[in-house]
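The sequence shown begins at 0 in numbering that gives the first Met the number 0 and counts up one residue at a time.
Don't be surprised by glycine CBs; every beta carbon is placed ideally from N, CA and C.
Keep in mind it's a predicted model, so treat the numbers as computed, not measured.
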Amino acid sequence: MSFPKSRLAGVIDIGSNSVRLVICEVMGASILQTFNEKVMAGLGEGMPKTGHLSPKGVEAALQALSRYRAILRALNVETYQAVATAAVRMAGDGEVFLKQAAKVLGRPVRLLSGEDEARLSARGVDLSIHNPMGLIGDLGGSSLELKRIGLEKGLDAGESLMLGPLALGDIVNDPKELRKRVREALKASEVIKGAKGRFYAVGGAWRAFGRLVMEMDKYPLHVLQGFQINEGQVARAAKLCLDSLTNPAARQQIETIDKKRAKHFPMAAVLIEEILSVSALEGVTISAAGVREGVLHDLLSMSLDDPLADGIIAYARLDHNQIAFGRALHDFISPALIPQPDLFGSPAADIRIEMAACMMADSAGRFHPDHRAEMAYDQALRAPYLGVTHPERAMIAHAIGCRYEKDFKRPVEHVALTTEQQAERAKQIGLLMRLGAVFSGRSGPILQRASLRREGDVLALEVHRKDANLISETVERRLAQAASVLRLKSTIKR
């Protein structure tokens, strides 16, 4: 059994507003950030009027690059790439800055075209959202990159529209004129035409907008990746954003979310409203991954298999025995589970989440036993792995809580994160995992010699004759508990 090795790599993203260094641990299709720092340099400040980069912004950016080079050297990160986007691309002195930046870093800076940005952003979303279908919008300081994504449109060329806050200038403070300009640009977009599915929002301004929606709705899971927003929520948040231009109370509420980005909230809100208005897209999904993750994909020729499975292995630091146990555990419990049509849309999607829960079934052994269930639950719910929706996260976490505590109760505010059917299945999976773990001592080979199956109204555990001595009172009790939640009787066959 072979497993992908972990690699450390970095990306320096030189944008119109900020210069950011991200260092990530990459394993298979998984990306886990280990370092993330930004400097709000403001390279593109004033560029629409002057045609040149901001002198103060250039100075701040070069200082940041000098710091980042020192950090990368100190952390022994040799694999990294620096990229520059719209502001540098459009500025009359962009080439001069690129030479200065390359001298500071000791290596060239890659200047991305608008099409490059759209493609890399789409690749980042592909790495972070399972089977995305729709339109990606990556909003930077100067430009908005658009690209369709999905099985049929994955290779479409993208578009770059000059609809970032720095490119729009003072118009961002005039809602009527702002909406008119945005609508005209979007209606002329060839990429938006025919796009179906969801709108995947990438970029700091839209992440901040997502946090605003969470705060307004008192949403209980503060994980931006995969957060879904419907049109009603967009409209309510957009109204508050536009009110902030003239209403001090609304402005103050916006500033509690992100004071530095407060002036960009109205523009970000109008863009999302208009994108949904002129398209056939249904709702918004926030993607915390974008261009930087796309750069890592190209830099390391990353796998696109399953970032959820690889992310669990990487985050929980699972060893070969734990991985083998998780896979054997899934094979062991699967015959006891009857497929349900109302979980995640397809048997394959359901199996993927069941497997993810099983892979985490031995991830909390080092936690204090008095708090193990709660800590395991919280880890599963909030861990920074990719490729999973919020309901899927919540179901995995609920299953893990039940795996460590038979009568585990989620926080009341988390109950709405899953449907009743998903919650019921989570408890079934959790109690079946409890059985498998105690019977086998968390050994994959022992589980492979046993079988668990339905026989009419009975849940039957059949063990190999050489493992008959593994049957204990605890095993019998946990088998009965698992059978009970499945509304079955139980028996053991030796």
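(1) Looking at alanine 363 and glycine 325, is the spacing between their C-beta atoms short of 9 angstroms?
(2) Rounded to whole angstroms, what is the Cα-Cα separation between serine 508 and isoleucine 13?
(3) Quick check on the DSSP output: the alpha helix (DSSP H) that includes asparagine 320 runs from which residue to which?
(4) How should serine 439 be labelled, buried or exposed, when 16 other C-beta atoms within 10 angstroms of its C-beta is the threshold for buried?
(5) Assign glycine 390 to one of two classes, buried (16 or more other C-beta atoms within 10 Å of its C-beta) or exposed (fewer than that).
(6) On the three-pair Cβ rule with 8 angstroms, is the segment 27 to 39 touching the segment 184 to 200?
(7) Give me the Cα-Cα distance between glycine 443 and leucine 71, rounded to the nearest whole angstrom.
(8) In the DSSP assignment, what residue or residues form a beta bridge with aspartate 12?
(9) Could you check if threonine 84 is buried or exposed, using at least 16 other CB atoms within 10 Å of its CB as the buried criterion?
(10) Look up serine 286 in the DSSP assignment and give the residues it is bridged to.
(11) Less than 9 angstroms separating the beta-carbons of methionine 46 and valine 171?
(12) So does the segment 283 to 296 actually touch the segment 113 to 127, counting three or more Cβ pairs closer than 8 angstroms?
(13) So who's on the other strand from methionine 26, going by DSSP bridges?
(14) Which value, in whole angstroms, describes the spacing of the CA atoms of aspartate 242 and valine 212?
(15) Between the beta-carbon of proline 410 and the beta-carbon of tyrosine 314, is there less than 9 angstroms?
(16) Note the first and the last residue of the continuous beta strand (DSSP E) segment covering threonine 490.
(17) At which residue ranges does the segment 84 to 157 contain complete beta strand (DSSP E) runs of 3 or more residues, listed in the order of the chain?
(18) Can you give the beta carbon distance from leucine 458 to alanine 482, rounded, assuming they're within the 8 angstroms contact cut?
(19) Alpha helix (DSSP H) containing alanine 396: first to last residue?
(20) If leucine 303 and alanine 28 are in contact, beta carbons under 8 angstroms, what's the gap, nearest whole angstrom?
(21) Any idea what DSSP makes of phenylalanine 34, helix, strand or coil?
(22) Looking only at its own chain, which residues have a Cβ that is under 6 angstroms from the Cβ of threonine 490, when we skip the five neighbours before and after it?
Reading off the structure:
(1) In this structure, glycine 325 keeps its C-beta atom at 9 angstroms or more from the C-beta atom of alanine 363.
(2) Residue 508 is absent from the structure shown; the chain starts at 0 and stops at 493.
(3) 319 to 332
(4) buried
(5) For clarity, residue 390 is proline in the given sequence; the question names glycine instead. The residue in question, proline 390, is buried, as its Cβ has 16 or more Cβ neighbours within 10 Å.
(6) no
(7) 40 angstroms
(8) Arg19 and Val82
(9) buried
(10) Val201
(11) no
(12) yes
(13) The bridge partners DSSP lists for methionine 26 are Ser29.
(14) Distance between the alpha carbons of aspartate 242 and valine 212: 15 angstroms.
(15) no
(16) 488 to 492
(17) 108 to 110, 133 to 138 and 143 to 148
(18) 4 angstroms
(19) 389 to 403
(20) 6 angstroms
(21) strand
(22) Val457 and Ala459
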